[in-house]
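Trainee: I'd like to ask some things about the structure below.
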DNA sequence: TTGAATCGCGACTCT
DNA sequence: CGCGATTCAA
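In our numbering, the protein residues as written are 1049 to 1811.
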């Protein structure tokens, strides 16, 4: 950077930082020291304020590395990073902008060893890993797993309230009614806690609570971070739970430069311990706090905002607020009462087609929202038929797929040999002739010696002591151990993507899918496809973080969510739950399934739970910029049966003048006299073999994947290719499935790429 | 041990 | 209805 630019920097800053901000926003951006609460209504530009405020801190000479910003999703973090980067340049990279969980993971990778129980290479277990481990604890205690199905939820809740197993046990002694049950839960919790340590693993809640514990028990570590992060901002503060709240409190205790942003009306994470009181009591925590309200909405039309306000005013427990907009009046919210869930999906598909073909709307300007993930299926089926490109955000996360979890388990085992959960998952995948009986024997032996299972099989002295192992099995286990050890030896030498390819190959995982009978199976193709996406995501990661280790990549994989990955390249309709839509906005929104018994969800038994449902509805409505459709089905299929449903109370809470109501019943053609008849016709038409409807959908999906696939291309030197990231190139050499490609971009140069994995097309 | 067939139960939201 | 867990035969 030249001196000239340097001198112009601060004027430039002023312009960029304050340009287009309204007075309260300016005030917030200017307030740099001390505690600050920004009460920011939906669409009031809070992200912008947070971003500009950080830029302003930097403009005032605060070092980038002194800044910590916690956001709700990784996507929001990345967006903020890139916006700040645009304002002030590369130095912004040194700021820590991340989610609570990523922040904690980073702290723990550095400092977890002060506890003496974990090592830095710990594994992060996702929800299903920890659920499985808990189940194992239950059966090992000789208890009936069916009676304890919601123990994972209980434990998670206790952890987010910073109650550990010992404290829970103590608490359980005082419980009078149902004390038996609680006592047993306490036992399960205790065993689970111990197993996590044995496995050198942390679950999601541990990431927060263990970090909090370190800050509490080791003031010297805490102070290190206090001195480092002298300026802290927390987004979506209304959704923090006790653990997160305490964590923030520790961090901010010394300098008290803490800025929190939030909106109590958008608190929708009560189920994981979020406590609105954290934001409502901010002034009590920090009596000198400055409070700024952002009440001008820049997102939605007057009509949509009035609808949202009409709904949320029905909440009693709510701070006074007046959100307004200068935007145009806009169209009324359209409410369509459909016959069934099927016709609802059909309506949405038709309307989307109409918008796209007649009104020049792009697919990616449209979102379909629902309360529960299960509702997405109907839309998916319909959209496939109608050729509407879509993206389901959430539900089955990409990294939750079997094949991905398998490979991740291999990688985890390489990192952390103590990880028995991952070991047991993959030791017989692909089949190595090691069945459950042998594994139980192994596990029992390892547990009795206080060893990790992998330690046993990688050490002949131990392995030969395991009772009742046949020589065949022993041999297989030794081969497995040797394979893992040899992969492990190369883990620091190979770049992450190459490492993954090596695992796929050496483990025999890939060939088990591509060779023999498996290869002809329908889902093998899509699994291989997913694995190739996994490798490309590792390539993306390696590009973004050239220094990134396998550990860093696994961190990333454990903490990334689908919302983080909404891509902008292809125009697709987004399908997601309201929760996943938080923080996002779309010109056109379909809010679907607005029925009693679904939204509000029947589990909302108390007044405060119902108020949370209403806030979820408020969040949904306020995602829309111009067009909002609300739909309800008169009849919905659940567990294979159809039920009559009633329109959600929230629909009636929308002011009449904001709502245009349509009923599908009156506009049906003669074929559709009754709902059941309509469904019969629907089945016949689209699924000739409707006993196998699911397979039909899979087939359609596979077809789509196939048509895009680059398989069976006859590659020749001289072929021109286009790579998703690296642009144009020429094939220089072909060896089996590996292409040597010279890219036009001199910075990329020559690369060796696997045809199966590389995101390339022949041109 | 493995693969196929059957059984039984279940779904709210997410890091 | 669909999935995962369990059961059973080879």
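Just so it is clear, CB atoms sit at the ideal spot from N, CA and C, and this is done for glycine as well. Note that this is a predicted model, so its numbers are computed, not measured.
Looking only at its chain, what residues have a beta carbon closer than 8 Å to the beta carbon of residue 1450, apart from the 5 residues adjacent to it on each side?
Mentor: Taking the first residue of the first chain as position 1, residue 1450 is located at position 402. Same-chain partners within the cutoff: 1575.
Trainee: State the DSSP-derived secondary structure class of residue 1418, mapped to helix, strand or coil.
Mentor: Here residue 1418 is taken as the residue at index 370 of the first chain, counted from 1. If DSSP states are grouped into helix, strand and coil, residue 1418 belongs with the strands.
Trainee: Can you have a look at residue 1188 and say buried or exposed, based on whether 16 or more other CB atoms are within 10 angstroms of its CB?
Mentor: One-based indexing of the first chain puts residue 1188 at position 140. Exposed, by the Cβ-count rule.
Trainee: Whose CA, out of 1156, 1335, 1792 and 1619, lies closest to the CA of residue 1171?
Mentor: The residue given as residue 1171 occupies position 123 in the first chain. Comparing Cα-Cα distances from residue 1171 to each of 1156, 1335, 1792 and 1619, the minimum goes to 1156.
Trainee: Taking DSSP as the reference, what is the three-state secondary structure of residue 1051?
Mentor: Translated into the one-based positions of the first chain, residue 1051 becomes position 3. Bear in mind that the predicted position of residue 1051 carries a pLDDT of just 33, short of 50, making it too unreliable to give a figure here.
Trainee: If distances are taken between C-alpha atoms only, which option among 1690, 1676 and 1675 comes closest to residue 1682?
Mentor: For the purposes of this step, residue 1682 is identified with residue 634 of the first chain, where counting begins at 1. Nearest of 1690, 1676 and 1675 to residue 1682, Cα basis: 1690.
Trainee: Can you tell me whether DSSP reads residue 1463 as helix, strand or coil?
Mentor: Along the first chain, one-based indexing puts residue 1463 at 415. In the structure shown, residue 1463 sits in a helix (DSSP, three-state: H, G or I).
Trainee: Using alpha carbons as the reference points, say which of 1766, 1502 and 1593 lies closest to residue 1471.
Mentor: Within the first chain, numbered from 1, the residue matching residue 1471 stands at position 423. Measuring from the Cα of residue 1471, the nearest candidate turns out to be 1502.
Trainee: May I ask which residues mark the beginning and end of the alpha helix (DSSP H) holding residue 1470?
Mentor: In the first chain, residue 1470 corresponds to position 422, counting from 1. Run containing residue 1470: 1468 to 1474, per the alpha helix (DSSP H) assignment.
Trainee: Residue 1467 and residue 1248: beta carbons closer than 8 Å?
Mentor: Indexing the first chain from 1 puts residue 1467 at position 419. Indexing the first chain from 1 puts residue 1248 at position 200. Result yes, Cβ atoms of residue 1467 and residue 1248 sit closer than 8 Å.
Trainee: Would you kindly work out how many angstroms separate the C-alpha atoms of residue 1620 and residue 1416, rounded to a whole number?
Mentor: As a first step, residue 1620 is located in the first chain; it is residue number 572 there, counting from the start. As a first step, residue 1416 is located in the first chain; it is residue number 368 there, counting from the start. Rounded to the nearest angstrom, the two C-alpha atoms are 11 Å apart.
Trainee: Any chance you could list the alpha helix (DSSP H) runs of at least 4 consecutive residues sitting entirely within the region 1514 to 1584, in chain order?
Mentor: Runs of the alpha helix (DSSP H) inside the region 1514 to 1584: 1519 to 1537, 1544 to 1554 and 1557 to 1562.
Trainee: What is the DSSP secondary structure of residue 1430, reduced to helix, strand or coil?
Mentor: Here residue 1430 is taken as the residue at index 382 of the first chain, counted from 1. Three-state result, residue 1430: helix.
Trainee: Looking only at C-alpha atoms, which of 1704, 1686 and 1088 sits nearest to residue 1426?
Mentor: Working through the first chain from its first residue, we reach residue 1426 at position 378. Residue 1686 is the option with its Cα nearest to residue 1426.
Trainee: Helix, strand or coil for residue 1690, going by three-state DSSP, please let me know.
Mentor: Position 642 of the first chain, counted from the start, is the residue given in the question as residue 1690. It is a strand residue.
Trainee: Where residue 1278 and residue 1300 are concerned, what is the direct C-alpha to C-alpha distance, given to the nearest angstrom?
Mentor: Position 230 of the first chain, counted from the start, is the residue given in the question as residue 1278. Position 252 of the first chain, counted from the start, is the residue given in the question as residue 1300. If you take the alpha carbons of residue 1278 and residue 1300, they lie about 8 Å apart.
Trainee: Using the Cβ count rule (16 or more neighbours within 10 Å means buried), how would you classify residue 1161?
Mentor: Within the first chain, the letter at position 113 stands for residue 1161. So residue 1161 counts as exposed.
Trainee: If the criterion is Cβ atoms closer than 8 Å, does the pair residue 1679 and residue 1395 meet it?
Mentor: For this step, residue 1679 is matched to residue 631 along the first chain. For this step, residue 1395 is matched to residue 347 along the first chain. Contact flag set, yes.
Trainee: Where residue 1117 and residue 1550 are concerned, what is the direct C-alpha to C-alpha distance, given to the nearest angstrom?
Mentor: Residue numbering aside, residue 1117 sits at position 69 when the first chain is read from its first letter. Residue numbering aside, residue 1550 sits at position 502 when the first chain is read from its first letter. Using only the alpha carbons, I get a separation of about 37 Å.
Trainee: Would you mind giving the Cβ-Cβ distance between residue 1230 and residue 1220, rounded to the nearest angstrom? I have them listed as a contact below 8 Å.
Mentor: For the purposes of this step, residue 1230 is taken as residue 182 along the first chain, with counting starting at 1. For the purposes of this step, residue 1220 is taken as residue 172 along the first chain, with counting starting at 1. Right, the Cβ-Cβ distance comes to about 4 Å (below 8 Å), so this counts as a contact.
Trainee: Residue 1115 to residue 1422, Cα distance in whole Å?
Mentor: As a working note, residue 1115 is residue 67 in the first chain. As a working note, residue 1422 is residue 374 in the first chain. Going by the C-alpha atoms only, they are around 40 Å apart.
Trainee: Just to confirm the assignment, what range does the beta strand (DSSP E) spanning residue 1308 have?
Mentor: The residue you call residue 1308 lines up with position 260 of the first chain. Looking at the DSSP string, the run of the beta strand (DSSP E) that includes residue 1308 is 1306 to 1310.
Trainee: In chain order, what residues of the same chain lie with their CB nearer than 7 Å to the CB of residue 1593, ignoring the 5 residues before and after it?
Mentor: As a working mapping, residue 1593 is identified with position 545 in the first chain. So the qualifying residues of the chain are 1600.
Trainee: Measure the alpha-carbon distance for residue 1493 versus residue 1181 and round it to whole angstroms.
Mentor: As a working mapping, residue 1493 is identified with position 445 in the first chain. As a working mapping, residue 1181 is identified with position 133 in the first chain. Going from the Cα of residue 1493 to the Cα of residue 1181 covers about 18 Å.
Trainee: Which residue from 1291, 1269, 1295 and 1308 puts its Cα closest to that of residue 1281?
Mentor: Here residue 1281 corresponds to residue number 233 of the first chain, with the count starting at 1. Among 1291, 1269, 1295 and 1308, the Cα nearest to that of residue 1281 is on 1308.
Trainee: Give the secondary structure of residue 1298 by DSSP, where H, G and I count as helix, E and B as strand, and everything else as coil.
Mentor: The sequence position of residue 1298 within the first chain is 250, counting from 1. Reduced to three states, the DSSP call for residue 1298 is helix.
Trainee: For residue 1135, report the span of its alpha helix (DSSP H) as first-last.
Mentor: The residue labelled residue 1135 in the question sits at position 87 within the first chain. Looking at the DSSP string, the run of the alpha helix (DSSP H) that includes residue 1135 is 1122 to 1136.
Trainee: What do you get for residue 1142, buried or exposed, if any count of 16 or more other CB atoms within 10 angstroms of its CB means buried?
Mentor: Numbered from its first residue, the first chain carries residue 1142 at position 94. Per the 10 Å Cβ criterion, exposed.
Trainee: By the three-class DSSP mapping on this structure, what secondary structure does residue 1810 have?
Mentor: Counting from one through the first chain, the residue named residue 1810 turns up at place 762. Of the three classes helix, strand and coil, the one that applies to residue 1810 here is strand, per DSSP.
Trainee: Could you tell me whether the region 1635 to 1649 touches the region 1688 to 1703, where touching means 3 or more Cβ pairs closer than 8 Å?
Mentor: Enough Cβ pairs lie closer than 8 Å, so yes.
Trainee: Count the other CB atoms within 10 Å of the CB of residue 1365; is the residue buried (16 or more) or exposed (fewer)?
Mentor: As a position in the first chain, residue 1365 is number 317, starting the count at 1. Answer is exposed; the Cβ neighbour count stays below 16.
Trainee: Quick one: give me the first and last residue of the beta strand (DSSP E) that residue 1777 is part of.
Mentor: Position 729 of the first chain holds residue 1777. Taken as a continuous stretch (DSSP letters only), the beta strand (DSSP E) holding residue 1777 covers 1775 to 1783.
Trainee: Along the chain, where does the alpha helix (DSSP H) containing residue 1622 start, and where does it finish?
Mentor: The sequence position of residue 1622 within the first chain is 574, counting from 1. Segment 1621 to 1625 is the beta strand (DSSP E) holding residue 1622; no alpha helix (DSSP H) there.
Trainee: Can you tell which of 1136, 1314, 1373 and 1478 has its C-alpha closest to the C-alpha of residue 1673?
Mentor: The sequence position of residue 1673 within the first chain is 625, counting from 1. The residue with the shortest Cα to Cα distance from residue 1673 is 1373.
Trainee: Can you name the residues that DSSP bridges to residue 1344?
Mentor: Position 296 of the first chain, counting from 1, holds the residue named residue 1344. Paired residue(s): 1372.
Trainee: Taking the alpha helix (DSSP H) that residue 1261 belongs to, which residues open and close that run?
Mentor: Position 213 of the first chain, counting from 1, holds the residue named residue 1261. Element bounds for residue 1261: 1252 to 1265.
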